[in-house]
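In case it helps, our numbering puts the sequence shown at residues 19 to 193.
Don't be surprised by glycine CBs; every beta carbon is placed ideally from N, CA and C.
This one's a predicted model, so the numbers in the text were calculated from it and none came from an experiment.
These notes concern the structure reproduced below.
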Amino acid sequence: MEIQFLAEENIPEELRKAMDAIDHVAFAADQDDPELAGIQWSSHEWMAVGLIDGKPVTQLCLTRREIRVGDEMVWVAGVGGVATHPDWQKRGLASQLLRATQPFIRDEMRVPFGLLICAEATRPLYEHAGWQRVSQRLYYIQEAQRRHLDTQVLILTVTEHPWINGEIDVCGLPW
Ligand SMILES: CC(C)(COP(=O)(O)OP(=O)(O)OC[C@H]1O[C@@H](n2cnc3c(N)ncnc32)[C@H](O)[C@@H]1OP(=O)(O)O)[C@@H](O)C(=O)NCCC(=O)NCCS
19 MEIQFLAEEN
29 IPEELRKAMD
39 AIDHVAFAAD
49 QDDPELAGIQ
59 WSSHEWMAVG
69 LIDGKPVTQL
79 CLTRREIRVG
89 DEMVWVAGVG
99 GVATHPDWQK
109 RGLASQLLRA
119 TQPFIRDEMR
129 VPFGLLICAE
139 ATRPLYEHAG
149 WQRVSQRLYY
159 IQEAQRRHLD
169 TQVLILTVTE
179 HPWINGEIDV
189 CGLPW
């Protein structure tokens, strides 16, 4: 699998369509999840994509954000939209993409942590890639209101900086 990191504005039209199709099919079930109803999701700045024979098979979105953890402000790489085309699942491709994302977060995005939210069912996927759960609640701001989502909140440490414990507020829309 060939892995590429693309700034959102540089994604070619045909690739964009194929990636939108993966997103649509992978997250179809989430549209019925009452916990996620009404949430507006953040836009992102980069996509990581895994291609086989030039076609996207697995992907994730990345956004750089300064968030609040307890009383401190911390820069993180928000990871979202992790999805593998159904025909290509259970072959280790998302895991491969997640591992390749680690140096991108450190060296290109230049932040000490990744942060993502996931369902309990997908937590092992991320834990096997080095992520760890730090909370089961995420605060966010939507339409000038502070809201929360009860979910699995995982972080990835990419430098020697240790994570600080505290309430996590992404200070904007979640991803
Ligand atoms: C979650 C998702 C991204 C995983 O993608 P994937 O490419 O299948 O992921 P992987 O193959 O790397 O790993 C999935 C599981 O398959 C297992 N696996 C990996 N290679 C395997 C193989 N060759 N044979 C059988 N199983 C395998 C892994 O052990 C992993 O199990 P784990 O969760 O216990 O770690 C994919 O199922 C998907 O798109 N789901 C819908 C969207 C979604 O829920 N996204 C997550 C949002 S948080």
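**OP:** Leaving out five residues on either side along the sequence, give the residues of the same chain with a beta carbon under 7 Å from the beta carbon of residue 36.
**Re:** 73, 74.
Original post:
Does the separation of the CB atoms of residue 19 and residue 70 fall below 8 Å?
Top reply: yes
**OP:** Name the two residues that bound the continuous beta strand (DSSP E) containing residue 166.
**Re:** Unbroken beta strand (DSSP E) run through residue 166: 163-175.
Original post:
In the structure shown, what three-state DSSP assignment does residue 186 receive?
Top reply: strand
Subject >> Per DSSP, the bridge partner or partners of residue 126 >> reply: Answer by DSSP bridge pairing: none, since residue 126 is not bridged.
Subject >> Straight-line gap, residue 77 to residue 30 (C-alpha atoms, nearest Å) >> reply: For residue 77 and residue 30, the gap between their C-alpha atoms comes out near 15 Å.
**OP:** Count the CB pairs spanning the segment 143-151 and the segment 112-129 that are closer than 8 Å, and state whether there are at least three.
**Re:** Yes: the two stretches touch, three or more of their Cβ pairs being nearer than 8 Å.
Original post:
How big is the Cα-Cα spacing for residue 57 and residue 48?
Top reply: 11 Å
**OP:** Closer than 7 Å by C-beta to residue 185: which residues in its own chain qualify, once you throw out the five before and the five after it? Chain order, please.
**Re:** 88, 157
Subject >> One or two residues paired with residue 132 in a DSSP bridge >> reply: 95, 174
Subject >> residue 102 beta carbon less than 8 Å from that of residue 193 >> reply: no
Original post:
Should residue 171 be counted as a contact of ligand 2 given a C-beta to heavy atom distance under 7 Å?
Top reply: Judged by which ligands are present, ligand 2 is missing from the structure shown, whose ligands are ligand 1.
**OP:** Measure the alpha-carbon distance for residue 179 versus residue 130 and round it to whole angstroms.
**Re:** 7 Å
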